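Following our numbering, the numbering of the sequence shown begins with 1 at its first residue and continues without gaps.
Glycine included, C-beta positions come from ideal geometry on N, C-alpha and C.
Bear in mind that the values here come from a model prediction, so they are computed numbers and not experimental data.
Down below is the structure, laid out as structure tokens.
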Amino acid sequence: MDTSIEYPVAQWPDSLDIPLKESEEVVSIDLKNDLPEDPQDLTTLLVEEQSDKEHWLTIAASYCNNGKVKEGVKLAEQALDHFSGKQTASIHTFLTWAYLRLARSTAGTEEEKNANLSMAEKNVIEASKQDPTWIGNRLATVELYFQRGMYDRALEYTDIFIKSVQNEDKSTGSSHKPNIMFVMMRAKLMYIKKNYSGALRLFQELLLLNPTLVPDPRIGIGMCFWHLKDRSMAITAWERSVEISGKDSVASILVLLGKFHNSLTTSTNDEMFKKSFSEAMLDLDTLFQKTGPHPVLLALLQMYFYMKQNYDKVIAIYENKILPKSGMISNQILSETAFWTGRAYYAQGDYRKAFNHFQEALKKNEDNLLAKVGLGQSQVKNNLVEESILTFENIYQNNESLQEINYILGLLYASKCFNDTIKANANELKKFTEKAIQFLEKYVHLTKSKGNQMVITKAYLVLSELYEIKNQYKQSIELLQKAIEQLKIQENDVPLELLNNLGCFYFVVGEYSSAQSLFEEAAKKVESQSTKKITLDYNIARVLEETDKGKSHDIYSAILSESPDYISARVRDIHLKFINNPEDNLKDEIKSLLDNHVSNAEIRAFYVWYLKKLGKTSEHEMSEHSKETLVKYDSHDLYALISLANLYVAIARDQKKITRNSKDANKPIESYLKATQLYQKAIQVDPLNIFAAQGLAIIFAENKRYGQALEVFRKIRDSLDNQSVHINLGHCLADMREYSKAIENYEIALNRFDNPKSKPLLLNLLARCWYLRALKEKSLSAVQKALAYAKQALDLELSKKNSKMVTSYQYNVALLEFQVAELMRRSSPKERTMADLEASVEGLEHGITLFRELLESKLNVVPSEQLEQRIQLGETTMKKALERSIEDQKAYELEITAKMENARKVLEEQRELEAQRDAQLREEEKKKSEKLAEEYRKLQEEAQRLIQERAAQEEEVDDEQNDDEDFAQEGDGNEKPAKKGKKGKRKAESEEKSPKRKRRRGGKKIIEEDDEENEDEDVDEKMSDEANGESKKRRSRPISKEFIEDSDEEANFTDDAEVEAEADSEPEHEQEQEQEQEQEQELKDDSEPKQDGEPRAETSPETNGEA
1 MDTSIEYPVA
11 QWPDSLDIPL
21 KESEEVVSID
31 LKNDLPEDPQ
41 DLTTLLVEEQ
51 SDKEHWLTIA
61 ASYCNNGKVK
71 EGVKLAEQAL
81 DHFSGKQTAS
91 IHTFLTWAYL
101 RLARSTAGTE
111 EEKNANLSMA
121 EKNVIEASKQ
131 DPTWIGNRLA
141 TVELYFQRGM
151 YDRALEYTDI
161 FIKSVQNEDK
171 STGSSHKPNI
181 MFVMMRAKLM
191 YIKKNYSGAL
201 RLFQELLLLN
211 PTLVPDPRIG
221 IGMCFWHLKD
231 RSMAITAWER
241 SVEISGKDSV
251 ASILVLLGKF
261 HNSLTTSTND
271 EMFKKSFSEA
281 MLDLDTLFQK
291 TGPHPVLLAL
301 LQMYFYMKQN
311 YDKVIAIYEN
321 KILPKSGMIS
331 NQILSETAFW
341 TGRAYYAQGD
351 YRKAFNHFQE
361 ALKKNEDNLL
371 AKVGLGQSQV
381 KNNLVEESIL
391 TFENIYQNNE
401 SLQEINYILG
411 LLYASKCFND
421 TIKANANELK
431 KFTEKAIQFL
441 EKYVHLTKSK
451 GNQMVITKAY
461 LVLSELYEIK
471 NQYKQSIELL
481 QKAIEQLKIQ
491 ENDVPLELLN
501 NLGCFYFVVG
511 EYSSAQSLFE
521 EAAKKVESQS
531 TKKITLDYNI
541 ARVLEETDKG
551 KSHDIYSAIL
561 SESPDYISAR
571 VRDIHLKFIN
581 NPEDNLKDEI
591 KSLLDNHVSN
601 AEIRAFYVWY
611 LKKLGKTSEH
621 EMSEHSKETL
631 VKYDSHDLYA
641 LISLANLYVA
651 IARDQKKITR
661 NSKDANKPIE
671 SYLKATQLYQ
681 KAIQVDPLNI
691 FAAQGLAIIF
701 AENKRYGQAL
711 EVFRKIRDSL
721 DNQSVHINLG
731 HCLADMREYS
741 KAIENYEIAL
751 NRFDNPKSKP
761 LLLNLLARCW
771 YLRALKEKSL
781 SAVQKALAYA
791 KQALDLELSK
801 KNSKMVTSYQ
811 YNVALLEFQV
821 AELMRRSSPK
831 ERTMADLEAS
841 VEGLEHGITL
851 FRELLESKLN
861 VVPSEQLEQR
871 IQLGETTMKK
881 ALERSIEDQK
891 AYELEITAKM
901 ENARKVLEEQ
911 RELEAQRDAQ
921 LREEEKKKSE
931 KLAEEYRKLQ
941 EEAQRLIQER
951 AAQEEEVDDE
961 QNDDEDFAQE
971 GDGNEKPAKK
981 GKKGKRKAES
991 EEKSPKRKRR
1001 RGGKKIIEED
1011 DEENEDEDVD
1021 EKMSDEANGE
1031 SKKRRSRPIS
1041 KEFIEDSDEE
1051 ANFTDDAEVE
1061 AEADSEPEHE
1071 QEQEQEQEQE
1081 QELKDDSEPK
1091 QDGEPRAETS
1101 PETNGEA
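This is how it looks when you write it as structure tokens:
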């Protein structure tokens, strides 16, 4: 800062001399030290001596400067009793500012503040009546609106007053200078309106106008930088303000706040934080000792005591220090202190008081983000979940990338998903599940993107549960694995519950070895004979059912010996017995177990399953048992609902076969309706039950509502990766005649799931679908594929013992063999080969053999009459037709072979001719190249000769010019020769030079004639010209010595023919030669002879055309 510049500073006198009215003496008053406590004493003096108004105001202002504002106000009000009219204007202005200062003081209450503002308003109105244009009154008006919180009105008046001042300066013709106080007020208002960029420009303007201004503009500059996220610049500005002012407590407090912020945000380790935070606390203590209980320092102390878990102290500071002076404290500081008080109550478990204080904090500052978060958390603790979701959703709108908000919202929505009431509503459950997953996955992504933070383990666990609700078990597995990896990184012990859940998910997806290892690892973490150990042993036995049934049975037996009432273990043990020996009668054992636990849903469901395995003989008992479960025990039992619905579907299928052409055709529809109602009820109980959904889709498909069935099956496929889903999709698509898509689904079911039992069925379905596609597209290759699949299905079925499907597959193969033979017979010779026909004959024989076997077996696959007809058709008509086709094919192939041989010979001859032509062309090209090379060599020699001739000519011309110069020198001393003699001499010189000119043109002509003989030599000529370029450029043509009589001007001319020749030989200089020709034409026009008898000038062959 330039210290030589002096800025205006208000100077108040230290003393005041009051002249006495009746003498020349004066009374001197010390305005700093000797002002009486009661201004009444001075009032008597001023009244008696009839002092000027300025004396009154000077003393009143001195009271205010000494911190006795009320005394100054009292004295000024007494002055109003002794002055009137316009003299009171300045007194009212003084009172306005004094009352505004009292209102801004932190010593009063809210009521006192409002009373002082009212008095300030009253006085500014009176002052404005007397002097409305004085700047002090205008500033007081704006300050009054500012202190009342009417910022828009204050900003409006500020702009009006600034414009009026500018207009006054224009009218008076004086230069306009910004009023610092108005600029200051406008900067403060823009800051409050959160226009930080605009406020920053104004504060910087103030700093330029007066760097020593009080209050320091650097404080405002730092505040603007802070809100513009440039923390370092803000702290630098405040530190500079402290340097300059030295005693400015506001700047010191702001610097302290910056230190606390840096300690909390920039510390990279505990030691660094401890050091920086301790230094900030020491500065806080020092500053507190200097300035006293400043509200900002009290808020910092609240934070410190909260971190020390001294919650009572936090609350005491707010109630004893902050609240009594709340009217004098800014809303932002009140909001901050109320927030820390709310946190203290929250930590103490008093959530209602915490809720109230967070609300109070938001009333004072609605942008207090931490107060909003605290409010939402206290709502959760007060069981106001819906309200808390709304609170955090509002926060999320402006803080989408805030990790904590995404995490909290994810947990809140997840809690609703785990609520039984929400689970009953499929749409609500789906909506909340998607939202919970969305927020939690975003939280995980944001946390990982930070690079230096770890995801909260609970986020992975909750996400795993949410994906379990959606039946997406693979995602659940991935999330639990991440949780385990993170716990290992943190060197924390992995809970056995986590291992057990992960093992269950692996079991569901069929990865039994992984599930077993996890269960065994979890079992090592628990003591024997405990409930958790029994549960883990049960899970291990459950896995071993798929790999080692004997060991699984032993574990179940051990569990039952320790805990005989473990129903699940007993049910699984009976199930193993049935799997090992399906012929054993276990009905009595299951019935006995059911009688002992008649209301146990698991046993009742198992009994229904067993009855279903017994076949149709137990359908009635199964139906009655399921109805009993729903009526007596649990009307929402899912297994009973779905089992009974499946039974009605089976009944409907049987009824369709029986009542196809009878009067009872509506019975199947009634059964389907009952099944639909049961499935729908099951879905109401469990909206994500895929078995009920699949049952509905099957009903749709069997009633030819394929579109609805496909929609449901595709949704099921997304949740259940099961072979039956793909098979059902294939059935629907095949019935819709979309055979390509149907084949795709059948192949997925065949290749993805290694199920030997269903493989023959799938191969047969593929054969059927390819056959239907062949009929639609009339494709022989499609029928052949169908035959290949049918043969594979038959081979697999023959490998089974006592298979009932062998005859059906045999009929399919035979039918396709006949179909291939028929299509082969009808195809054109171009589309088939001899081998195909022979193979079709063999296939026909195989088909006839299969039909005979079926006829002999007397199994009612198809009527025997049809079999006999097909055998007869194959042995007579089809065989003969194939024999004729074979003869035709032989003739066609022989003809084709002959044509191919002729074509091959013609092609070879063409190739030989092409080879000869190519050789001849190469020879011609070779000769032409040699000829061109020879001509090029000759041209090079000719060019070299011409260069030498040109050099000789130039030497001769130089000699002649020298002779002419000598001759001219000799003639200077003699008499002037006669005119006739001079003409004769020129003529002689011209005759002597003419042979040289002819020789030059002859040389040029040789080149031109060569060009005419062969246009291809242009390239060689150009190369020659380039080689001779330097000699041509060096060539100069002497100016002709001839002139025109009676002309004072000398003229130079160019041989036009020579210029054209040069243009032909040197195209690269075309533009230069055109300019030369234009100059020649101008010279010829100027030198045109005036008399017919005068001879015209001739141009020398060496002239280069330059004027």
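Cα-Cα separation between residue i and residue j, rounded to whole angstroms
i: D686; j: V608; result: 20 Å
i: S592; j: L463; result: 43 Å
i: H597; j: A650; result: 29 Å
i: K170; j: T141; result: 24 Å
i: V380; j: A187; result: 42 Å
i: N666; j: Q655; result: 9 Å
i: L284; j: N471; result: 57 Å
i: S1024; j: E924; result: Its pLDDT being 43, under 50, S1024 is placed unreliably in this model, and the value from its coordinates should be taken loosely. Whole-angstrom Cα-Cα distance: 26 Å.
i: R904; j: K791; result: 42 Å
i: F392; j: H445; result: 19 Å
i: E624; j: E589; result: 19 Å
i: E935; j: M900; result: 52 Å
i: L644; j: I716; result: 21 Å
i: Q302; j: A338; result: 10 Å
i: P13; j: E336; result: 42 Å
i: Q866; j: I748; result: 36 Å
i: L1108; j: Q475; result: Outside the shown range of the chain, which is 1 to 1107, sits residue 1108, and nothing can be said about it.
i: P668; j: N646; result: 13 Å
i: E239; j: S252; result: 8 Å
i: P564; j: S719; result: 37 Å
Beta-carbon proximity check, residue i vs residue j, cutoff 7 Å
i: P39; j: L75; result: yes
i: L461; j: A483; result: yes
i: L641; j: K681; result: yes
i: Q403; j: Y443; result: yes
i: N406; j: F439; result: yes
i: T172; j: N137; result: no
For residue j and residue i, believed in contact at Cβ under 8 Å, the rounded distance
i: A31; j: L16; result: In the sequence as displayed, the identity of residue 31 is Leu instead of Ala. With a Cβ gap of about 6 Å, L31 and L16 count as contacting.
i: Y739; j: R714; result: With a Cβ gap of about 18 Å, Y739 and R714 do not count as contacting.
i: M281; j: Y304; result: 7 Å
i: L854; j: E868; result: So it is not a contact: roughly 11 Å between Cβ atoms.
i: D573; j: H553; result: 7 Å
i: I317; j: L297; result: At roughly 10 Å, the Cβ-Cβ gap does not stay under 8 Å, so I317 and L297 are not in contact.
i: L502; j: L480; result: 5 Å
For the segment 218 to 236 against the segment 252 to 266, do three or more pairs of beta-carbon atoms, one drawn from each stretch, fall closer than 8 Å, so that the two count as touching?
yes
Within the segment 408 to 483, note down every full beta strand (DSSP E) run reaching 3 residues or more, in order along the chain.
Fully enclosed beta strand (DSSP E) runs of 3 or longer: not present.
Which parts of the segment 714 to 759 are runs of the alpha helix (DSSP H), unbroken and 4 residues or longer, counting only runs that do not cross its ends?
723 to 735, 739 to 752
The segment 807 to 815 in contact with the segment 850 to 868 per 3-pair CB rule at 8 Å:
The segment 807 to 815 vs the segment 850 to 868: in contact.
What are the complete alpha helix (DSSP H) segments, minimum 4 residues, inside the segment 845 to 918?
864 to 873
So, does the segment 40 to 60 touch the segment 68 to 83, judging by three or more C-beta pairs under 8 Å?
yes
Report yes or no: do three or more beta-carbon pairs, one from the segment 344 to 361 and one from the segment 305 to 314, lie closer than 8 Å?
yes
So, does the segment 222 to 229 touch the segment 161 to 181, judging by three or more C-beta pairs under 8 Å?
no
Within 8 Å, do at least three Cβ pairs link the segment 877 to 885 to the segment 837 to 844?
Taking 8 Å as the limit for Cβ pairs, the verdict is that the segment 877 to 885 does touch the segment 837 to 844.
Quick test of the definition: if touching needs 3 or more C-beta pairs under 8 Å, does the segment 795 to 803 touch the segment 817 to 830?
no
Cβ contact (3+ pairs, closer than 8 Å) linking the segment 561 to 571 and the segment 521 to 537
yes
Which complete beta strand (DSSP E) runs does the segment 648 to 682 hold, if anything under 3 residues is left out?
none
With a threshold of 8 Å, are at least 3 pairs of Cβ atoms found where one atom belongs to the segment 145 to 158 and the other to the segment 126 to 137?
no
List in chain order: all unbroken alpha helix (DSSP H) runs of 4+ residues lying wholly within the segment 175 to 246.
180 to 192, 196 to 209, 217 to 227, 231 to 245
Which ranges does the alpha helix (DSSP H) cover as unbroken runs of at least 4 residues, wholly within the segment 334 to 402, from first to last along the chain?
351 to 364, 369 to 381, 385 to 398
To test your reading of the DSSP string, which unbroken alpha helix (DSSP H) runs of 4 or more residues are found completely within the segment 277 to 308?
295 to 307
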